[in-house]
């Protein structure tokens, strides 16, 4: 069966510090991978998606970036965090547009 | 522009009640629709996915229906239990070319409390 791992679960970082959130999927190959951010009362916002190694599409201009160094690994990064980067970050995968979307447990990021 | 609305935003029911959660969308040209459950502080769990050609999907006590012409989907929960307490979200995937042209548009969810 397929599983998705996302870490860390919580993170407190000062403004201007770097960020690296990691997500890995097991039990499938060549999944579509996604990074979402969820803010209270604002719903889910798609940040990045990837349909293959090295193929990253950005949805929202921001100081975040994503990379997919391996087939089942997706990384969300920032060189310098802003206060507005605080939020709940979710990694997700699917086998394709016609398949269900499966989420990790999320990372609660607080930028102080 | 596709908009997805879930009303009510919050719902409280006694245990054992059958209930219906609503999801409305403005553009009937959809690829599929998904229902998710989210427990506080956790990620989303996929409940049911309905393809645009389907009218309903069932899983255990859950039944989701889709009426594209009216722009509506309902999630029916039979014999509700306290463990069903969570936020339920629906998401519509739009028609388009493969990849992110088939965008997922999200509702804000209905927060359900089932009281023992």
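Chains as they are written, first to last, in the working numbering: chain A, 10 to 121; chain B, 89 to 204. By construction, the Cβ of each residue, glycine as well, lies at the ideal position given by its N, Cα and C atoms.
What residues from chain B crowd round residue 106 of chain A, counting only those whose CB sits closer than 7 Å?
-> As a position in the first chain, residue 106 of chain A is number 97, starting the count at 1. By Cβ distance, chain B contributes 119, 181, 186 and 190.
Please go through the same chain and pick out, in chain order, the residues whose beta-carbon is closer than 7 Å to the beta-carbon of residue 55 of chain A, but skip the five residues on each side of it.
-> Taking the first chain and counting its residues from 1, the one referred to as residue 55 of chain A is at position 46. Cβ-Cβ distances below 7 Å link residue 55 of chain A to 43, 45 and 68 in the same chain, with the five nearest sequence neighbours on each side left out; the list follows chain order.
Segment limits, beta strand (DSSP E) that includes residue 78 of chain A | Stepping through the first chain from its first residue, residue 78 of chain A is reached at position 69. Per DSSP, residue 78 of chain A belongs to the beta strand (DSSP E) from 73-79.
For the beta strand (DSSP E) that contains residue 102 of chain B, what are its first and last residues?
-> The count along the second chain starts at 1 and reaches residue 102 of chain B at position 14. Element bounds for residue 102 of chain B: 98-102.
Decide if residue 111 of chain A is buried, meaning its Cβ has at least 16 other Cβ atoms within 10 Å, or exposed.
-> Position 102 of the first chain, counted from the start, is the residue given in the question as residue 111 of chain A. The residue in question, residue 111 of chain A, is buried, as its Cβ has 16 or more Cβ neighbours within 10 Å.
Inter-stretch contact at 8 Å, needing at least 3 Cβ pairs: the region 164-183 of chain B / the region 94-102 of chain A | Contact check between the region 164-183 of chain B and the region 94-102 of chain A: fewer than three CB pairs, one atom from each, fall below 8 Å, which does not count as touching.
Sub-8 Å separation of residue 180 of chain B and residue 95 of chain B beta-carbons = If you number the second chain from 1, residue 180 of chain B lands on position 92. If you number the second chain from 1, residue 95 of chain B lands on position 7. No. Outside cutoff.
Bridge partners - residue 110 of chain B, DSSP secondary structure assignment | Working through the second chain from its first residue, we reach residue 110 of chain B at position 22. In DSSP, residue 110 of chain B forms a bridge with B/162.
List the endpoints of the continuous beta strand (DSSP E) containing residue 39 of chain A.
-> Residue mapping note: residue 39 of chain A aligns to position 30 of the first chain, counting from 1. In this chain, residue 39 of chain A is not harboured by any beta strand (DSSP E), its DSSP state being neither H nor E.
Starting from residue 139 of chain B, find everything on chain A with Cβ-Cβ shorter than 8 Å and list it in chain order.
-> On the second chain, position 51 is the one that residue 139 of chain B refers to. Neighbours of residue 139 of chain B on chain A, chain order: 107.
Kindly say whether residue 122 of chain B, judged by its beta-carbon, lies nearer than 8 Å to any beta-carbon of chain A.
-> Taking the first residue of the second chain as position 1, residue 122 of chain B is located at position 34. Answer yes: the Cβ-Cβ gap between residue 122 of chain B and chain A drops below 8 Å somewhere.
Say the cut is 7 Å; is the CB of residue 137 of chain B nearer than that to a heavy atom of the ligand HEM?
-> By its list of ligands, the structure shown contains no ligand whatsoever, and the ligand HEM lies outside what it can speak to.
Is the region 112-121 of chain A touching the region 21-29 of chain A, taking contact as three or more C-beta pairs under 8 Å?
-> Between the region 112-121 of chain A and the region 21-29 of chain A, the count of Cβ pairs shorter than 8 Å is three or higher; the stretches touch.
How about residue 59 of chain A and residue 81 of chain A: are their beta carbons less than 8 Å apart?
-> For this step, residue 59 of chain A is matched to residue 50 along the first chain. For this step, residue 81 of chain A is matched to residue 72 along the first chain. No.
Go ahead and pull the three-state DSSP assignment for residue 195 of chain B.
-> By one-based count along the second chain, residue 195 of chain B stands at place 107. In the structure shown, residue 195 of chain B sits in coil (DSSP, three-state: anything other than H, G, I, E or B).
Check whether the Cβ of residue 123 of chain A lies closer than 8 Å to any Cβ atom in chain B.
-> With chain A covering only 10 through 121, there is no way to say anything about residue 123 of chain A.
Should residue 41 of chain A be labelled buried (16 or more other beta-carbon atoms within 10 Å of its own) or exposed?
-> Residue numbering aside, residue 41 of chain A sits at position 32 when the first chain is read from its first letter. Here residue 41 of chain A is buried: its Cβ has 16 or more other Cβ atoms, across all protein chains shown, within 10 Å.
Spatial neighbours of residue 149 of chain B in its chain, beta-carbon cut-off 7 Å, leaving aside the 5 residues before and after | The count along the second chain starts at 1 and reaches residue 149 of chain B at position 61. Around residue 149 of chain B: 165, 166 and 167.
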